[in-house]
Structure formats: structure tokens, C-alpha cells
Amino acid sequence: DTEVTQTPKHLVMGMTNKKSLKCEQHMGHRAMYWYKQKAKKPPELMFVYSYEKLSINESVPSRFSPECPNSSLLNLHLHALQPEDSALYLCASSLQGETRGEQYFGPGTRLTVT
Amino acid sequence: EDQVTQSPEALRLQEGESSSLNCSYTVSGLRGLFWYRQDPGKGPEFLFTLYSAGEEKEKERLKATLTKKESFLHITAPKPEDSATYLCAVVFSWGKLQFGAGTQVVVTP
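So the sequence lines, in the order shown, correspond to chains L and B. Positions in the first sequence are counted from 1; adding 85 to them yields my numbering. Positions in the second sequence are counted from 1; adding 4 to them yields my numbering.
(1) According to DSSP, is P168(L) helix, strand or coil?
(2) Where DSSP assigns a beta bridge to S11(B), which residues make up the other side?
(3) Cα separation between K94(L) and S171(L)?
(4) Taking only beta-carbon positions, decide if E88(L) is within less than 7 Å of chain B.
(5) Measuring only between beta-carbons, confirm whether L15(B) sits less than 7 Å from chain L.
(6) So is D6(B) buried or exposed if we call it buried at 16+ other beta carbons inside 10 Å?
(7) Please check if any C-beta of chain A sits within less than 7 Å of the C-beta of P127(L).
(8) What does DSSP give as the partner residue(s) for N155(L) in the beta ladder?
(9) Who are the neighbours of L91(B) on chain L, taking C-beta pairs under 9 Å?
(10) Given that L159(L) touches chain B, what residues does it touch there, using C-beta distances under 7 Å?
(11) Check distances from the C-beta atoms of the segment 45-72 of chain B to those of chain L and list, in chain order, the residues that come in under 8 Å.
(12) Counting only beta-carbon atoms, is G20(B) nearer than 7 Å to chain L?
(13) Please classify I141(L) as buried or exposed, where buried requires at least 16 neighbouring CB atoms within 10 angstroms.
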């Protein structure tokens with residue numbers, strides 16, 4: 086089973102709201118990732134949790150905050166977002182840490198910021 | 005500078021018309037090259053991993069090959085259901101999976 090699940094599928098939020106995206110995998114993978122994908126662009130890495138250690142893409146603004154409660158769960162907390170943050174947010178996981186092995190992606194959360 | 009470049013940007017094929025997609029890369033110390041398929045509004049679906057020059061992988065009508073500077077994804081006798089965006093990606097030093105811009109493939113009956 087190579088399934089990564091994400092909730093919600095769609096989210097509309099105002100610029101003053103606080104919301105969270107959730108991701109879960111039960112494949113025993115030890116690395117999990119958040120990506121942002123704009124229309125007709127490739128996915129862009131935001132955060133990596135590898136063996137529960139966080140690595141950050143330094144270009145990601147602080148209004149995005151990741152959390153990894155355990156090795157199967159990954160959250161992305163959203164606060165004071167801007168309309169340009171509207172995108173497809175993808176979660177992925179891989180068996181091994183950061184530099185090895187293929188990544189399996191979830192279906193994504195379509196986020197619209199109004 | 006580490007880079008991943010895909011060509012062409014878009015490819016329109018007749019059903020049964022074989023073709024190849026290109027992914028060229030410049031990276032110091034390749035740790036893996038990956039091919040993904042992505043349908044509109046969905047997450048990328050893993051297809052292949054290639055680690056060393058000369059390696060080849062096949063799955064149904066798709067075959068991926070790797071040299072020291074580029075990878076090819078060959079689509080043999082494509083069907084309309086092969087229509088998708090095909091992404092290649094390379095692992096960089098700190099674990100960042102760097103994607104190319106993708107090739108959008110449309111296969112018409």
C-alpha cells in the first residue's frame with residue numbers, strides 16, 4: 086500500500102483565519118514532506134521532516150508552520166495567509182531519509198485564500 | 005549550479021505514435037533521478053527511479069533510461085490514457101527533490 090492521505094481536499098480561508106492541513110501515511114516511512122504547487126508549475130519543496138528532524142526551505146514565509154506529531158502524521162498550520170498563497174499543497178513521504186528513495190505523494194489540498 | 009531541464013514543454017501525439025521526453029540535469033553527485041506522472045489537480049504518481057548511467061526501467065508502455073547528463077522517458081504506442089504531465093526530479097544535497105518544469109503530453113485517438 087503506497088497511500089498518503091490528505092485532508093481537507095479543498096479549503097477556502099480568509100486572510101485573518103487560522104487553519105491546518107493534515108497528512109497521514111501508514112507505510113512506515115521515516116521522512117515526510119510538504120510541497121506547494123502553483124498552476125502549470127512543478128511542486129516546490131517547503132519542509133522536510135526526516136526521522137522527526139525538520140529541514141526548512143528558507144524561502145518559505147513564517148505564516149506557514151509545520152508540525153510532526155509522530156512519524157505517521159504531518160500537519161501544516163496556516164496563519165495570516167495572502168492571496169498569492171492559493172495553490173495545491175502536496176504531502177509526500179519516503180521510506181528513508183532525505184536523500185534516498187522515491188517519494189509518494191498524496192492527492193493534495195486545494196487552498197484558496199480570499 | 006544544480007539544474008533540471010525538461011523538453012519539450014508540450015507534446016501532442018496520435019494514438020500509437022511513439023516518442024521520447026528528455027530530462028537533462030547538472031548536479032554534483034547524482035543521488036537519484038525520478039520520473040513522475042501527474043494528472044490535473046492530483047498529486048504526482050511515482051513511475052521510476054534511476055541511480056546510475058546505463059540503467060533502464062520499464063512499465064507498460066513507458067521506458068526510462070539514464071546517461072551521465074540526461075534521462076529519457078520513451079512512450080511506445082501511446083494510448084489516450086497516457087495523457088498527463090510527466091515530471092522528472094533529481095535529489096540534491098540536503099534532500100531537496102528538485103523538479104523539472106514538466107512535459108505535458110496529450111494523446112489523441
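Where is the CB? At the ideal position from N, CA and C, for every residue including glycine. In this text the structure is predicted, and so the values were computed from the model without any measurement.
Once the coordinates are examined:
(1) In the first sequence, counting from the first residue as 1, residue 168(L) sits at position 83. P168(L) falls in the helix class under three-state DSSP.
(2) As a first step, residue 11(B) must be located in the second sequence, where it is residue number 7. Bridge partners of S11(B): N26(B).
(3) In the first sequence, the residue the question calls residue 94(L) occupies position 9. In the first sequence, the residue the question calls residue 171(L) occupies position 86. The alpha-carbon atoms of K94(L) and S171(L) are separated by roughly 14 Å.
(4) One-based indexing of the first sequence puts residue 88(L) at position 3. It does not; no Cβ of chain B falls within 7 Å.
(5) Here residue 15(B) corresponds to residue number 11 of the second sequence, with the count starting at 1. So no, L15(B) is outside the interface.
(6) Sequence index remark: in the second sequence, residue 6(B) carries index 2 (1-based). Classification of D6(B): exposed, given that the 10 Å Cβ count is below 16.
(7) As a matter of chain content, chain A is missing from the structure shown, whose protein chains are L and B.
(8) Translated into the one-based positions of the first sequence, residue 155(L) becomes position 70. Answer by DSSP bridge pairing, in chain order: L158(L).
(9) Locating residue 91(B) in the second sequence gives position 87, where the first residue counts as 1. Residues of chain L passing the Cβ test: P127 and P128.
(10) Residue numbering aside, residue 159(L) sits at position 74 when the first sequence is read from its first letter. Those do not exist, as L159(L) stays about 14 Å from chain B at its closest Cβ, beyond 7 Å.
(11) G45, K46, G47, P48, E49, F50 and T53
(12) Position 16 of the second sequence, counted from the start, is the residue given in the question as residue 20(B). It does not; no Cβ of chain L falls within 7 Å.
(13) Here residue 141(L) corresponds to residue number 56 of the first sequence, with the count starting at 1. Per the 10 Å Cβ criterion, exposed.
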